[in-house]
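Asks: Quick one: the structure is below, and I'll ask about it shortly.
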Amino acid sequence: MTNQYDHAQVQEFWQYVWERDGVAELPDGAVDPTYVLGMFPYTSGTLHMGHVRNYAITDAYARYRRLRGDDVLHPMGWDAFGLPAENAAYERASDPESWTRACIRRMREELETLGFGYDWSREITTCEPSYYRWNQWLFKRFHEAGLVEFTGATVNWCPDCETVLADAQVAVDEGARAATGETGDEDGDNVHDHTNTNGRVCWRCATPVEQRELDQWFFTITDYADELVDGLDDLEQWPEGVREIQRNWIGRQEGARLTFDVSTAADESETAVDVFSTRPETAFGATFVAISPEHDLASELASADEDVATFVDQARTSAPDTGHAARDDFSTAGIETDATAQNPLTGEEIPVYVAEYVLADVGTGAVMGVPGHNERDYEFARAHELPIETVVVPEAGENGEGGTDAGSETETNTDTSAGADADADTGTNTDSPLTADGTLVLESVSTSHSEYDGQPSEVVREHLVDDHEAIDPDVTYRLRDWLISRQRYWGTPIPVVHCEDCGHVLVPDEELPVELPEFVQTTGNPLDAAEEWKRTSCPDCGGPAERETDTMDTFVDSSWYFLRFLSPDLADAPFDTELANEWLPVDVYVGGDEHAILHLLYIRFVTRALADIGFLDQREPVERLVSQGTVLYEGEKMSSSSGNVVTPDEYGAETTRLFVLSAAHPEQDFEWTANDVRGAYDLQQTLYSMATEFVDEGETRVERASHDEFVDREIDRTIVAARTEFERFRFHRVVTEVQELAGLLRQYRSYDRIHGEVYRRGLLTIAALISPLAPHLGEELWNKLRGDGLVVEADWPALESDPATIESDYQLERRLVETTRADVRDILDVASIDDPAQIDLVVAGPWKYEVATRLAASASETDDDSAAETGDTVGDEAIDVGALADEVGVETDVLAEFVAEQRDSGGQRPSSLSPSQGLTATREQALLEQAAWLLADEFDVTVSVRSATAVGAEDETADAAADDLPDADVASRARPGKPAISIR
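Structural data, given as structure tokens:
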């Protein structure tokens, strides 16, 4: 019989067995199963290594939870709508549905080949009318709840794809930006550029993005801005990086709204312009007001001034209102108007500019220019030769350098940078603005509020908000409403008809779904060209009407799909509300952090909206989020565009999934290398040959020896350690546990004839632990060893040891054995002993464990102030040495020396001991006796293990004359967790 493991030969059989027995299907009557979900894939045609890593993570955890006895919901589906399918259909003279169906068939086959254990009975496909019917139904419910708006908006438009792009679907072409002299930030984090369209391209086709004004459908996610940002604090099992990205995207800022009265030379009437600032006290230094080119006042001023009109028209093209920019590219372009604004704090008339750097959709679309305290205002003022007033200086004792934090940004419409250089004595700004808090200095400005002069800026800030009628507390957000309209065919039709008499009318529920018409290739939106499909009657008046030709953003499809998996065949509702309330939130959700902004924000919004409408009790959809890292090849992310893709079948399915799990923690990036992949392959071969040799040869014994006890205990230690690592998603460490147990079993087999039950138990444990990571191999090993049933349906390996001691002691036991072996190697190396005959290990006397425990307890109870003063040491004063010496039965000077040694080492016990957890002298001796065979095997020597008491160093009644005992001096060096070592 061959000892070679051939995954290709066994995978088809085990997959057949799993499907036959329905091992991955959620049992009927399951109550609150563990819900494990990977972000379902877009149907792009083939799986890439990012897919493999994502789904290997969820499959490993799902299989682990089944071993632990859980009912597990682990479904799979297809994110099947989207513009790429439409583009592929154009390229192939086909249609999006045919292309998508072919992709699904191919990708499902690849997933099955990899052995992923999905409940395929719950498979969903978002392009099925039975699914997108509920997109339309949910649109109607959101509309009824006031969460849908239809309004004109400036949008990103891709002229090649002929569709609207969301902000996050606009990429930055660094090459194009470099050609125009623009640069991104040093980390390359520029996503969108408000201030110049150069370099702003479609994320799909890299075509430069234009701006258009269109009537669009929106979900009003901004209604939930406060709750979405506040709720992040409760998501303790989400990566902090993802939570921070969402906080920044929502961009909540608390500050004040200031009203500036504006007048023009041509028109004596006044208007009011509001600005938002987090630092209203800096308004004392405002020297201009700047408004965005899209501001209503800009349009009004342009109508009366040809130069302003020209600038506004050009700026609206080059400075689009697109929302969330990185704001590292900055334009000082602007034009002075004939309008002036009255500073509400000084009464001074200051000029009004139209400026590109002011963003229409951030804050109020207007800023007060305080160049003394804002980087962008400063640059703009210098470019236009405007006054720069410094009204806040560093407090006494500071060095004059400004800093920037969340509270030091003057206007939400601009960003500030760290670094200011001001003269603390005169308040005169030299090279850059002071952006940090400080003290108000109002000598250089005319104001009736002299009472604020010399006060801390943060104090003045509070008084102004409370006392000044032109200043009111306010909160602004960077988050915009969710634009769901897309001008394309392959998406969910929006269930609205347009009637000249009735306006926008929702399609009745009984007429859902509004299905897509047959695809016809055309330029622009194919639905616009589907005249017969467009023509319909108004549900309200029965008159002629036209269907809405926009389709929904595909993020709508994925915003609630996790709910459909609960009841995918339900015909009268999108999901079973009762099940949802019992089974949510999703216990574990795995995907890339590139989805942190859109998808993960949208599912949180939709869950809350459904809860408020009355369909859910749960307000957060996901309990634990795992953000997978990137698979790299030669330092770059694997991608088709880079030409560095490794396909799953190149190295075999089992080897591929085992490698991606063993290479690194799921949240870390890792490099794909052939040598490392070979390691995953070799491990499979090693485990398979061990099982095969054991079954074929079968030479065992039945009597037990001390080294059998050690191996049995190490099996238990591996079981406990592997469980801990599975719970932490550290699959690479599970693999390490399996490797080390396999290495121990091989050493055990070569040392002596194996005990059959012990060795078989070790191999069965390996089969169970490896099965979530390499399921075909796990089943093959389990079957060879005659395990009961299937390993996928087996129980988690049982412990032979007392669970109470193994749970608390397994790390201490391992550390004791490993450090003792390392100490022996060091002694042999330093002493240049090539052929030792005997190794004696001496365990410290029980009194040292007792004293060490008391000292450590005393150290842990020391208050923080005392610990800081003493260096966290424990001296003689912490105990009554004489009394304790009498109690433990040793000489006072011996005890004092031991206590002093503890003091000199910082008062801390060895790492193997702590006040609440540690090995006793008896347990240490027993463990070392069981582990002595490892030293005997490694060095071919006789090994003895004794207590220091038996040697006679500390007990006059001991038999110290025995010839085979180490001398008393050696024994006296033994410490808890650190046996003395004598080598002869």
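Each residue of the sequence shown is one higher than the last, beginning at 14 in our numbering.
Quick reminder that beta carbons are idealized off the backbone N, C-alpha and C, glycines included.
(1) Using 8 Å as the threshold, is the C-beta distance between His789 and Trp27 below it?
(2) Please report how far the alpha carbon of Leu127 lies from the alpha carbon of Val856, in whole angstroms.
(3) State the Cα-Cα distance for the pair Gly413 and Val406, rounded to the nearest angstrom.
(4) Is the separation between the beta-carbon of Pro252 and that of Leu271 shorter than 8 Å?
(5) Mind reading off the beta-carbon distance from Val864 to Leu908? Whole number of angstroms is fine, and I expect it under 8 Å.
(6) Taking Cys554 as the reference, give the member of His462, Cys512 and Glu38 with the closest Cα.
(7) Distance, Cα to Cα, Val488 vs Glu267?
(8) What would DSSP say about Leu519, mapped onto helix, strand or coil?
(9) In this structure, what does DSSP give as the bridge partners for Ile304?
(10) Where do the N-terminal and C-terminal ends of the alpha helix (DSSP H) with Ile783 fall, by residue?
(11) Go to His745, then tell me how far its alpha helix (DSSP H) extends in each direction, as first and last residue.
(12) Three-state secondary structure (DSSP) at Asp274?
(13) Whole-angstrom Cβ separation of Val168 and Val177, contact assumed at under 8 Å?
(14) For Tyr602, which of Gly665, Glu680 and Gly35 has the nearest alpha-carbon?
(15) Measure the Cβ-Cβ separation of Ala43 and Gly130 and say whether it is below 8 Å.
(16) Between His720 and Ser960, what straight-line distance do the alpha-carbon atoms span, to the nearest angstrom?
(17) What span of residues does the beta strand (DSSP E) with Trp170 cover, start to end?
(18) I'd like to know whether the C-beta atoms of Ser470 and Asp494 end up nearer to each other than 8 Å.
(19) Using the C-alpha atoms, what's the distance from Thr353 back to Ser276?
(20) What is the DSSP secondary structure of Ala704, reduced to helix, strand or coil?
(21) For Cys218, count the other beta carbons within 10 Å of its own beta carbon; 16 or more makes it buried, fewer makes it exposed. Which is it?
(22) Are there 16 or more other CB atoms within 10 angstroms of the CB of Ala817, so buried, or fewer, so exposed?
(23) Mind reading off the beta-carbon distance from Arg766 to Thr713? Whole number of angstroms is fine, and I expect it under 8 Å.
(24) Taking the C-alpha atoms as reference points, what is the distance between Ser640 and Asp480?
(25) Pro400 bridges to which residues according to DSSP?
(26) So is Tyr18 buried or exposed if we call it buried at 16+ other beta carbons inside 10 Å?
(27) The alpha helix (DSSP H) spanning Cys215 covers which residue range?
(28) Taking Cβ positions, are Ile484 and Pro357 nearer each other than 8 Å?
(29) What separation, rounded to the nearest whole angstrom, lies between the Cα atoms of Gly201 and Arg78?
(30) What first and last residue would you give for the alpha helix (DSSP H) that runs through Val569?
(31) Give the DSSP bridge partners of Thr176, in chain order.
(32) Less than 8 Å between the CB atoms is what I'm expecting for Phe393 and Thr345, so what's the real figure, rounded?
(33) Quick check: the Cα distance between Thr284 and Leu227, rounded to an integer number of angstroms?
(34) Does the Cβ of Asp418 have 16 or more other Cβ atoms within 10 Å, making it buried, or fewer, making it exposed?
(35) What's the gap between the Cα of Val65 and the Cα of Gly642?
(36) Could you tell me the distance, in whole angstroms, from the CA atom of Asp92 to the CA atom of Asp582?
Replies: Looking at the coordinates:
(1) Reading the sequence shown from its first residue, position 776 is the one you call residue 789. Reading the sequence shown from its first residue, position 14 is the one you call residue 27. Yes, the pair counts as a contact, with Cβ atoms nearer than the cut-off.
(2) As a first step, residue 127 is located in the sequence shown; it is residue number 114 there, counting from the start. As a first step, residue 856 is located in the sequence shown; it is residue number 843 there, counting from the start. Taking the straight line from one Cα to the other gives about 51 Å.
(3) Indexing the sequence shown from 1 puts residue 413 at position 400. Indexing the sequence shown from 1 puts residue 406 at position 393. The predicted model places Gly413 with a pLDDT of 42, which falls under 50 and marks its position as unreliable; any figure quoted below should be read in that light. Going by the C-alpha atoms only, they are around 7 Å apart.
(4) Numbered from 1 along the sequence shown, position 239 holds the residue referred to as residue 252. Numbered from 1 along the sequence shown, position 258 holds the residue referred to as residue 271. Not closer than 8 Å, so no.
(5) Numbered from its first residue, the sequence shown carries residue 864 at position 851. Numbered from its first residue, the sequence shown carries residue 908 at position 895. Going by Cβ atoms, the distance from Val864 to Leu908 rounds to 7 Å, so yes, they are a contact pair.
(6) Locating residue 554 in the sequence shown gives position 541, where the first residue counts as 1. Of His462, Cys512 and Glu38, the residue nearest in Cα terms is Cys512.
(7) Stepping through the sequence shown from its first residue, residue 488 is reached at position 475. Stepping through the sequence shown from its first residue, residue 267 is reached at position 254. Val488 and Glu267: Cα-Cα distance of roughly 4 Å.
(8) Walking along the sequence shown from the start, residue 519 turns up at place 506. Leu519 falls in the strand class under three-state DSSP.
(9) Within the sequence shown, the letter at position 291 stands for residue 304. Ile304 is bridged to Val367 and Ala379.
(10) Against the sequence shown, residue 783 aligns to sequence position 770. Counting along the chain, the alpha helix (DSSP H) containing Ile783 begins and ends at Gly769 to Ile783.
(11) Position 732 of the sequence shown holds residue 745. It spans Phe744 to Tyr764 - the alpha helix (DSSP H) in which His745 sits, taken as one unbroken run.
(12) Here residue 274 corresponds to residue number 261 of the sequence shown, with the count starting at 1. If DSSP states are grouped into helix, strand and coil, Asp274 belongs with the strands.
(13) Taking the sequence shown and counting its residues from 1, one reaches residue 168 at position 155. Taking the sequence shown and counting its residues from 1, one reaches residue 177 at position 164. About 5 Å separates the two Cβ atoms, so the contact holds.
(14) By one-based count along the sequence shown, residue 602 stands at place 589. Tyr602 has its Cα closest to that of Glu680, out of Gly665, Glu680 and Gly35.
(15) Taking the sequence shown and counting its residues from 1, one reaches residue 43 at position 30. Taking the sequence shown and counting its residues from 1, one reaches residue 130 at position 117. No, Cβ-Cβ distance for Ala43 and Gly130 is not below 8 Å.
(16) Your numbering for residue 720 matches position 707 in the sequence shown. Your numbering for residue 960 matches position 947 in the sequence shown. Near 19 Å, if we compare the C-alpha coordinates of Ser960 and His720.
(17) Here residue 170 is taken as the residue at index 157 of the sequence shown, counted from 1. Trp170 -> beta strand (DSSP E) spans Val161 to Cys171.
(18) Against the sequence shown, residue 470 aligns to sequence position 457. Against the sequence shown, residue 494 aligns to sequence position 481. No.
(19) Position 263 of the sequence shown, counted from the first residue, corresponds to residue 276. Position 340 of the sequence shown, counted from the first residue, corresponds to residue 353. Going from the Cα of Ser276 to the Cα of Thr353 covers about 6 Å.
(20) Translated into the one-based positions of the sequence shown, residue 704 becomes position 691. Here Ala704 sits in helix by DSSP.
(21) Sequence index remark: in the sequence shown, residue 218 carries index 205 (1-based). Per the 10 Å Cβ criterion, exposed.
(22) Sequence index remark: in the sequence shown, residue 817 carries index 804 (1-based). By the 10 Å Cβ count, Ala817 comes out exposed.
(23) For the purposes of this step, residue 766 is identified with residue 753 of the sequence shown, where counting begins at 1. For the purposes of this step, residue 713 is identified with residue 700 of the sequence shown, where counting begins at 1. 7 Å between Cβ atoms; contact.
(24) Taking the first residue of the sequence shown as 1, we reach residue 640 at position 627. Taking the first residue of the sequence shown as 1, we reach residue 480 at position 467. Their Cα atoms are separated by approximately 48 Å.
(25) For the purposes of this step, residue 400 is taken as residue 387 along the sequence shown, with counting starting at 1. None, per the DSSP bridge assignment.
(26) If you number the sequence shown from 1, residue 18 lands on position 5. Per the 10 Å Cβ criterion, buried.
(27) Along the sequence shown, one-based indexing puts residue 215 at 202. Where Cys215 is concerned, there is no enclosing alpha helix (DSSP H), although the beta strand (DSSP E) it sits in stretches over Arg213 to Cys215.
(28) Here residue 484 refers to the residue found at position 471 of the sequence shown. Here residue 357 refers to the residue found at position 344 of the sequence shown. Contact: yes.
(29) Numbered from its first residue, the sequence shown carries residue 201 at position 188. Numbered from its first residue, the sequence shown carries residue 78 at position 65. Low local confidence applies: a pLDDT of 30 at Gly201 is under 50, so the model's placement there is unreliable, and no value is given.
(30) What you label residue 569 is simply residue 556 of the sequence shown in a count that begins at 1. First-last of the alpha helix (DSSP H) with Val569: Thr567 to Ser571.
(31) As a first step, residue 176 must be located in the sequence shown, where it is residue number 163. Note: Thr176 sits in a beta bridge opposite Cys171.
(32) If you number the sequence shown from 1, residue 393 lands on position 380. If you number the sequence shown from 1, residue 345 lands on position 332. At roughly 5 Å, the Cβ-Cβ gap stays under 8 Å, so Phe393 and Thr345 are in contact.
(33) Mapped onto the sequence shown, residue 284 falls at position 271. Mapped onto the sequence shown, residue 227 falls at position 214. Approximately 28 Å, taken between the alpha carbons.
(34) Position 405 of the sequence shown holds residue 418. Bear in mind that a pLDDT of 36 at Asp418, under 50, signals an unreliable position, so the model cannot answer this.
(35) By 1-based counting over the sequence shown, the position of residue 65 is 52. By 1-based counting over the sequence shown, the position of residue 642 is 629. Going from the Cα of Val65 to the Cα of Gly642 covers about 12 Å.
(36) What you label residue 92 is simply residue 79 of the sequence shown in a count that begins at 1. What you label residue 582 is simply residue 569 of the sequence shown in a count that begins at 1. Answer to the nearest angstrom: the Cα atoms are 17 Å apart.
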